[in-house]
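Residue numbers are given in our numbering: position 162 of the sequence shown equals residue 453, and the series is strictly consecutive. In this text, a Cβ means the ideal position worked out from N, Cα and C, and glycines have one as well. This report refers to the structure that appears directly beneath it.
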Amino acid sequence: MSEQTLLSARGIVKRFGANTVLAGVDFKLHAGEAVGIVGPNGAGKTTLLAALAGSLPVAGGTIHYLGQDVTRLDAAERCRLGIARSHQVPRPFTGMTVFENVLTAAMFGGGFSRHEAYDRSVDAISLCGMMAVANKPTEALGLLDRKRLELTRALATAPKLLFLDEIGGGLTDGEAQALVETIRTLRGRGITIVWIEHIVHVLVQVIERLVCMDAGQIIADGSPDEVLSNETVVSAYLGGHRT
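If you want it as structure tokens, here you go:
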């Protein structure tokens with residue numbers, strides 16, 4: 292991990308009607324970090340990720356990426372700058388193959404020429420273990436392969452910062468371990484990772500920093516051991532039981 296600040300968010304507020312989902316969140320990332328985000332359902336985890344990635348506009352606060360104010364940029368503009376995300380619910384382009392999905396992400400998300408997008412797509416598909424289904428239509432994929440496709444498409448845009456939203460859900464132990472190895476490889480390429488996940492024992496194999504959210508706020512931020520032993524976290528997220 293470097294000391295370079297990759298992303299800095301200050302006072303992020305997001306409301307849906309009268310419901311405040313993010314209540315003035317501050318969040319900073321250094322280049323090369325792997326950060327996990329945990330918290331109870333409804334804590335604001337996915338909303339924070341969407342706000343940082345540009346999928347949702349914010350009602351207040353600022354977001355800087357590599358020193359540039361990106362608060363008003365949308366997800367497509369932030370993707371061209373190197374911010375990519377996967378979605379908790381897979382959203383493949385239907386009527387297209389896996390390879391066509393990934394190629395589209397590289398060309399229109401990453402902004403690469405067709406030739407370079409092709410090479411990046413092959414690399415991403417290989418890295419994520421999807422070569423065997425590369426020519427399958429997305430409608431023929433099971434849930435696990437659709438989740439893998441989310442990661443593959445994000446990777447094909449050549450991100451510096453990658454947000455992952457519960458891509459471990461529903462995986463077997465072997466599949467989860469393969470996912471861990473893939474994400475370790477991404478870290479080895481210098482990609483900064485922010486991973487929302489409920490499967491904590493998988494998450495802590497990758498991350499060095501853990502953030503816990505509750506009621507639209509960050510209630511703990513530190514090493515996994517520190518956060519998982521924090522009394523407030525134990526009460527809010529672990530149901531009063533230590534892990």
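Spatial distance of residue i from residue j (CA atoms)
i	j	result
L494	I458	11 Å
E517	A511	9 Å
A342	Y356	13 Å
K451	N310	32 Å
G420	A506	37 Å
A423	A344	30 Å
N426	V389	6 Å
D414	V471	18 Å
Q379	L432	16 Å
L435	A467	11 Å
V349	G373	20 Å
R306	T338	10 Å
E391	Q295	35 Å
A375	S514	24 Å
D365	N332	26 Å
Neighbourhood of residue i by C-beta, 8 Å cutoff - its chain only, sequence neighbours within 5 removed
i	result
I474	A325, L455, I484, W486, V497
R533	Any answer about R533 is weak, because its pLDDT of 43 lies below 50 and its placement is not dependable; what the coordinates show is given next. Answer for R533: L519, S520, V525, listed in chain order.
G315	G302, I303, V304, G351, G352, Q508
T476	L418
Nearest candidate by alpha-carbon position, reference residue i, set the options
i	options	result
Q359	E466, A506, S299	S299
A396	T311, A447, R369	A447
S404	R371, I416, V424	R371
D317	F307, N332, K336	K336
R478	V380, G400, A322	A322
L320	R439, T429, R306, L297	L297
R382	L440, G481, E499	L440
P428	G481, G386, L501	G386
S377	T443, L347, E407	T443
G402	A367, E430, T523, F384	A367
G461	E488, A334, D365	E488
A445	I482, L501, E522, R363	I482
H492	A449, G308, G327	G327
Extent of the continuous beta strand (DSSP E) to which residue i belongs
i	result
V238	The requested residue 238 is not part of the displayed model; the chain covers only 292 to 534.
A325	325-329
T311	310-321
V424	Counting along the chain, V424 falls outside any beta strand (DSSP E), and DSSP gives it neither H nor E.
F399	Unbroken run through F399: none, as it is neither H nor E.
Other residues of its chain near residue i: CB distance less than 6 Å, five sequence neighbours each side excluded
i	result
V361	I354, R369
S412	V393, L394, A397, A447
I490	G459
Residue range of the unbroken alpha helix (DSSP H) whose run includes residue i
i	result
H355	Per DSSP, H355 belongs to no alpha helix (DSSP H); it is in the beta strand (DSSP E), 351-356.
D512	Note, D512: premise wrong, no alpha helix (DSSP H); beta strand (DSSP E) at 508-513.
H406	405-418
A300	Premise fails: A300 lies in the beta strand (DSSP E), 296-307, not in any alpha helix (DSSP H).
A469	464-479
L434	434-447
Neighbourhood of residue i by C-beta distance below 7 Å, restricted to the same chain and skipping five residues each side
i	result
G330	K336, C503, M504, D505, Y528
Y409	L394
*asked:* Going residue by residue through the region 335-386, where are the continuous beta strand (DSSP E) segments of at least 3 residues, counting only ones entirely within it?
replied: DSSP runs (the beta strand (DSSP E)) wholly in the region 335-386: 351-356, 374-376.
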